[in-house]
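Report on the following structure.
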């Protein structure tokens, strides 16, 4: 019951924050709304008993990516211009609405095989086993490390003063 | 009716559609990047929801969500670096001003 109430509160706040990201004019307010949206997603992970993922969400998104975004807004002096829309407002709204309708129709008409087994809690040790253990995703973890290194180097090269 | 898989999937679809609308309509590239982050988060909610309700003991969905986060972090770093470098060259981050490859 408590999970249900938490889900509804988080869902409403999250959707409202996402709408604020799209609708607000001030770019800085947009970034703050994005932070709120990412925080509610972390709460949603907690209601799904994904504790490790919730912490990672706060560390990586709320702590890291949002700082990057706010820094980029400050470096590009776009606060005065505001977050305007282009001429595609109405077609884009139709596309998004049709997409939403089709997806909701499809997922409500699919017979999901819900499992009644209790979720793994806490997930940290189990996730470590999945990522690094036998038959896990070790290769993908190594590739992710190489990807992050390449991304950091690429970012440094791109913003370096000539 | 208690909250089940469908609720999480509908929430994920709604967030994804909001992000899609924003990514298609916004002129400021930083805001477009934020909308892409919202879309990635929506997909993550669906992944974790599937992991929780369909295979609660396997955790594969959560592993995929972790990899999506890694790629999203790399994408944000490189994307924002590109935006800052564009701003240095063209004094703007509006998509209407980034038209070097326009015929």
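Residue numbers (my numbering), protein chains in the order written: chain A, 1 to 162; chain B, 1001 to 1103.
We put the CB at the ideal spot given by N, CA and C, even for glycine.
Taking its Cβ as the centre, do 16 or more other Cβ atoms sit within 10 Å of residue 3 of chain A, making it buried, or is it exposed? exposed
When we look at the beta-carbon of residue 113 of chain A and count the other beta-carbons within 10 Å, is it buried (16 or more) or exposed? exposed
Test: residue 1089 of chain B CB closer than 7 Å to a CB of chain A: no
What whole-angstrom Cβ distance do residue 21 of chain A and residue 1035 of chain B have, given they're in contact under 8 Å? 7 Å
Rounded to a whole number of angstroms, what is the C-alpha to C-alpha distance between residue 34 of chain A and residue 41 of chain A? 11 Å
Of all the options B/1084, B/1075, B/1093, which has the alpha carbon lying nearest to the alpha carbon of residue 150 of chain A? B/1075
If you measure between the beta carbons of residue 48 of chain A and residue 1048 of chain B, is that distance less than 7 Å? yes
Same chain, Cβ closer than 8 Å to residue 7 of chain A, five either side skipped, listed in chain order: 44, 47
Would residue 1062 of chain B and residue 139 of chain A qualify as a contact pair, given that the criterion is a beta-carbon distance under 7 Å? no
Does residue 1070 of chain B get closer than 7 Å to chain A when you measure Cβ to Cβ? yes
Could you tell me the distance, in whole angstroms, from the CA atom of residue 16 of chain A to the CA atom of residue 32 of chain A? 13 Å
Segment limits, alpha helix (DSSP H) that includes residue 86 of chain A: Segment: none, residue 86 of chain A is in no alpha helix (DSSP H) and carries neither H nor E.
Contacting residues, own chain, Cβ-Cβ under 8 Å from residue 1096 of chain B (five flanking each side not counted): 1027
For the 8 Å Cβ check, are there 3 or more pairs between the region 1006–1025 of chain B and the region 94–107 of chain A? yes
Would a check of beta-carbon distances place residue 1103 of chain B closer than 7 Å to chain A? no
When you compare only the Cα positions, how much space is there between residue 161 of chain A and residue 153 of chain A? 14 Å
I'd like to know if residue 122 of chain A contacts chain B, where contact means its C-beta is closer than 7 Å to some C-beta of that chain. no
Residue-level contact to chain B via CB, residue 66 of chain A, 7 Å cutoff: no
Does residue 1026 of chain B come out as helix, strand or coil in the three-state DSSP assignment? strand
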